[in-house]
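Taking numbering that gives the first Met the number 0, the leading residue of the sequence shown gets 0, the next gets one more, and so forth.
Don't be surprised by glycine CBs; every beta carbon is placed ideally from N, CA and C.
Given the structure is predicted, the values throughout are model-derived calculations rather than measurements.
One structure below.
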Amino acid sequence: MEKVTADSIKFCVDNIIASPPAEDIKYINDKLSILRRNNISIPIVYLGITSSSIVAGALDVREAIDDYISESDIDIELIEVGSIGLCSLEPIMDIQLPGKCRISFQQVTTDLVQQILDGVLNNFLPPDNILAQYRNPIHQPWASVPFFDELSFFGMQQRHLLANCGFVNNLSIVDAFAFGRYKTFADVLRTHTHDEVCKIVEASGLRGRGGGGYPTGKKWRATLEAAANQKYLICNADESDPGAFMDRMLIESDPHLIIEGVAISAYAIGASKAYIYTRNRYEFTVQRLEEAISQAYDAGLLGYNIMDSGYSLDISIRKGPGAYVCGEETALIQSLEGKRGMPTLKPPFPAIKGLHGKPTIVNNIETLANVPLIVANGADWYSNIGSEKSKGTKLFSVSGKVNQVCFVEVPMGTSIAKIVELAGGVKQGRTLKAVQIGGPSGGAITANELNTAIDFEPLKQIGVSMGSGGITIFDDTVCIVDMVKYYMQFIQNESCGKCIPCREGSQRMCAILDNITKRPNNDDQHSTLERFKGVIQLESLAEVMRDTSLCGLGQTAPNPVLSALKKFRDEFEEHIFDRKCQANVCHNLRTYYIDVERCTGCAACAKKCPSNAIIGTPRSPYFVVEEKCIGCGICEEVCKFSAVFYK
Numbered sequence: 000m001e002k003v004t005a006d007s008i009k010f011c012v013d014n015i016i017a018s019p020p021a022e023d024i025k026y027i028n029d030k031l032s033i034l035r036r037n038n039i040s041i042p043i044v045y046l047g048i049t050s051s052s053i054v055a056g057a058l059d060v061r062e063a064i065d066d067y068i069s070e071s072d073i074d075i076e077l078i079e080v081g082s083i084g085l086c087s088l089e090p091i092m093d094i095q096l097p098g099k100c101r102i103s104f105q106q107v108t109t110d111l112v113q114q115i116l117d118g119v120l121n122n123f124l125p126p127d128n129i130l131a132q133y134r135n136p137i138h139q140p141w142a143s144v145p146f147f148d149e150l151s152f153f154g155m156q157q158r159h160l161l162a163n164c165g166f167v168n169n170l171s172i173v174d175a176f177a178f179g180r181y182k183t184f185a186d187v188l189r190t191h192t193h194d195e196v197c198k199i200v201e202a203s204g205l206r207g208r209g210g211g212g213y214p215t216g217k218k219w220r221a222t223l224e225a226a227a228n229q230k231y232l233i234c235n236a237d238e239s240d241p242g243a244f245m246d247r248m249l250i251e252s253d254p255h256l257i258i259e260g261v262a263i264s265a266y267a268i269g270a271s272k273a274y275i276y277t278r279n280r281y282e283f284t285v286q287r288l289e290e291a292i293s294q295a296y297d298a299g300l301l302g303y304n305i306m307d308s309g310y311s312l313d314i315s316i317r318k319g320p321g322a323y324v325c326g327e328e329t330a331l332i333q334s335l336e337g338k339r340g341m342p343t344l345k346p347p348f349p350a351i352k353g354l355h356g357k358p359t360i361v362n363n364i365e366t367l368a369n370v371p372l373i374v375a376n377g378a379d380w381y382s383n384i385g386s387e388k389s390k391g392t393k394l395f396s397v398s399g400k401v402n403q404v405c406f407v408e409v410p411m412g413t414s415i416a417k418i419v420e421l422a423g424g425v426k427q428g429r430t431l432k433a434v435q436i437g438g439p440s441g442g443a444i445t446a447n448e449l450n451t452a453i454d455f456e457p458l459k460q461i462g463v464s465m466g467s468g469g470i471t472i473f474d475d476t477v478c479i480v481d482m483v484k485y486y487m488q489f490i491q492n493e494s495c496g497k498c499i500p501c502r503e504g505s506q507r508m509c510a511i512l513d514n515i516t517k518r519p520n521n522d523d524q525h526s527t528l529e530r531f532k533g534v535i536q537l538e539s540l541a542e543v544m545r546d547t548s549l550c551g552l553g554q555t556a557p558n559p560v561l562s563a564l565k566k567f568r569d570e571f572e573e574h575i576f577d578r579k580c581q582a583n584v585c586h587n588l589r590t591y592y593i594d595v596e597r598c599t600g601c602a603a604c605a606k607k608c609p610s611n612a613i614i615g616t617p618r619s620p621y622f623v624v625e626e627k628c629i630g631c632g633i634c635e636e637v638c639k640f641s642a643v644f645y646k
């Protein structure tokens, strides 16, 4: 097995990255076959190590594998890889024997490691936990085991950005070279001018994947043509939408794709300095990026006079405090300059006057990751993927009340129904209520709208923003009012406070929603009218925030409220008039009662009730006075006989 050494890195740079002489092609291909592990002499165990798999116990599994290898007489190599996207099935462990197809096992625990390895090393497959095998024409397949391309989860996707994720060693630049990384960057330095790269991206139709959908090439053109002695490229890796994790998974699974995308993009606009902006609590993600950047410097692909091309580029990581508002490009730039992350007025736009007053391009991770693929395969290849107005593929992370938490890559124009299908739908016995797309800046999509295409314009027509790509699926156990309240509380906490509409509007909207989701002090018509007036104010407040806020955060913050009021107005009315939450999520609207058949009269509930709403005599059944009950649920917690219920 080819080890990662200085000689192997030099070989890759001199022969794979550079254009080898024609007479050396066979030798290079043979060497590539070894680097790609088509021909191995010892068994290899692959283990997916990412943020999601660590939560599932992957580090303990790695320790168990290390123990097995140290106690075994067999020479076995352990390689860390990223995630294939099936987060609910992690930890995922692959095993490759010489001459045999690489096979994957799902939900591997420490107590299964020895059983699986003993079986596979003896050409016997344990009956449980088998996921699939990788197709390879020169390897012998395992009998009765499906190939990954036969699984519907992968067959329904179009994986270009995710092609190497979960398959290659994410800690090795040699693996990156062997599977195509950096060759496009080298070709760009040798054969393309700055203008030519911009033209390719413009012709491809690539639009920003951060949520706005602005044409990337058009944005770059403004910076390229700006006269300045210094230009900057900023890669926004601060993935801050609740429920969104596809950018982190992409970084942790294929970090060298990100580095190459940043490098080509910086060259396209004539920038000699690039920053990757992330948040300080993404420790594992930052570690992967730092290792990849260090390896790229060691290989001579970053730094001064890269590959004797005359072009120099420095890439560094900057960790922000984790403010949601820093997803807005001017606020991000303020944070990079050491100031408080607050948006500034536009124009001037950052493309003309950005970081330190110099022309600056700000793109998110997914946008820049597309660039090497576009340049390598051509603008026509990319523009033939996707819809008429939105080209290429889109990454989505899918979570919530689903059978399978995952991240996927589908062509633009794919229906939302297919995303739900990829996640396995909602759990058995439940019905789908809504799909939230775009996080706090997006909106809810009803079951009747699932055929809507994933495209910037069709989503806008139903009042939804795509956002960065986080999708949360809700079933009938979710209260839409409570969900909207959560998003508004998030916006209130993350508002920078610079402009009044966002600062005061978000606070007022949170107060109205909080009032709707709790029992009124006075159960009379006047109280009901006040609560109803609050809902009317929600709509007007939302429109004011949308029209007058300074930045995109404030302008899109009302989207969940407006979307929910339009599509789930009956739930708001149920909370206001009936004082009920159909999903039984809003605790303060619950009505508690005591089952007289089960109550022993111990008086524990009456003693703990903070509002003296429970009456009765010892050793006889107690009762709840609904008018006094505040719905705190303490009575249910202290009852030792399970006699307290709510409706």
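- Message: Which residue wins for smallest C-alpha separation from Ala298, given the options Glu259, Phe104 and Gly326?
- Response: Glu259
- Query: Nearest-angstrom Cα distance between Glu195 and Lys432?
  - Reply: 48 angstroms
- Could you give the residue range of the beta strand (DSSP E) that holds Phe406? Counted as a single uninterrupted DSSP element, the beta strand (DSSP E) harbouring Phe406 occupies residues Cys405 to Pro410.
- Query: With Ser464 and Glu238 assumed to form a contact (beta carbons below 8 angstroms), what rounded beta-carbon distance in angstroms separates them?
  - Reply: Actually they do not touch by this definition, with Cβ atoms about 16 angstroms apart.
- Message: Do Phe152 and Val407 have their beta-carbon atoms positioned less than 9 angstroms apart in this structure?
- Response: yes
- Use the C-beta contact count for Arg36: other C-beta atoms within 10 angstroms, 16 or more gives buried, fewer gives exposed. buried
- Query: Among all the DSSP beta bridges, which residues are the ones paired with Pro214?
  - Reply: Arg206
- Message: Could you check whether Ser87 and Asn583 sit closer than 9 angstroms to each other, using their CB atoms as the reference points?
- Response: Inclusion of Asn583 and Ser87 in the CB contact set at 9 angstroms is not warranted, their separation being larger than that value.
- Message: Just to confirm the assignment, what range does the alpha helix (DSSP H) spanning Glu76 have?
- Response: Taken as a continuous stretch (DSSP letters only), Glu76 belongs to no alpha helix (DSSP H), being part of the beta strand (DSSP E) at Glu76 to Val80.
- Determine, using beta carbons only, whether Lys198 comes closer than 9 angstroms to chain B. Although the question refers to chain B, the structure presented lacks it and comprises just one protein chain.
- Query: Between the beta-carbon of Gly165 and the beta-carbon of Ser51, is there less than 9 angstroms?
  - Reply: no
- Task: Below 7 angstroms CB to CB, which residues in the same chain sit around Ile16 once its five sequence neighbours on both sides are set aside?
- Result: Phe176, Tyr181, Lys182 and Ala185
- Message: To the nearest angstrom, how far is the alpha carbon of Asp474 from that of Thr430?
- Response: 5 angstroms
- Query: Helix or strand or just coil, what does DSSP make of Met341?
  - Reply: Correct three-state label for Met341: coil.
- In three-state DSSP terms, what is Gly154? helix
- Message: With a threshold of 7 angstroms on Cβ separation, who are the neighbours of Ala416 within its own chain once the five nearest residues in sequence on each side are excluded?
- Response: Leu449 and Asn450
- Output the residue ranges of the beta strand (DSSP E) runs that lie fully inside the segment 367–399 and measure 3 residues or longer, sorted by chain position. 392–399
- Does the distance from the CB of Leu335 to the CB of Ile233 come in under 9 angstroms? Cβ atoms of Leu335 and Ile233: closer than 9 angstroms.
- Item | Rounded C-alpha distance that separates Leu331 from Cys495 | 12 angstroms
- Query: For the candidate residues Ala642, Leu288 and Ala378, whose alpha-carbon lies nearest to that of Ala603?
  - Reply: Ala642
- Message: Just to confirm before moving on: does the CB-CB distance between Ser396 and Ile444 stay below 9 angstroms?
- Response: no
- Message: In this structure, how does DSSP classify Gly321 when only helix, strand and coil are distinguished?
- Response: coil
- Message: Cutting at 6 angstroms between CB atoms, please list the residues of its own chain near Leu458, excluding the five before and the five after it.
- Response: Met465
- Tell me whether Glu1 sits in a helix, a strand or coil according to DSSP, three-state version. The pLDDT assigned to Glu1 is 42, lower than 50, so where the model puts this residue is not dependable, and the model offers no usable value.
- Test item: CB-CB of Ser252 and Asn169 under 9 angstroms: yes
- Message: Are the CB atoms of Tyr45 and Val112 within a distance shorter than 9 angstroms?
- Response: no
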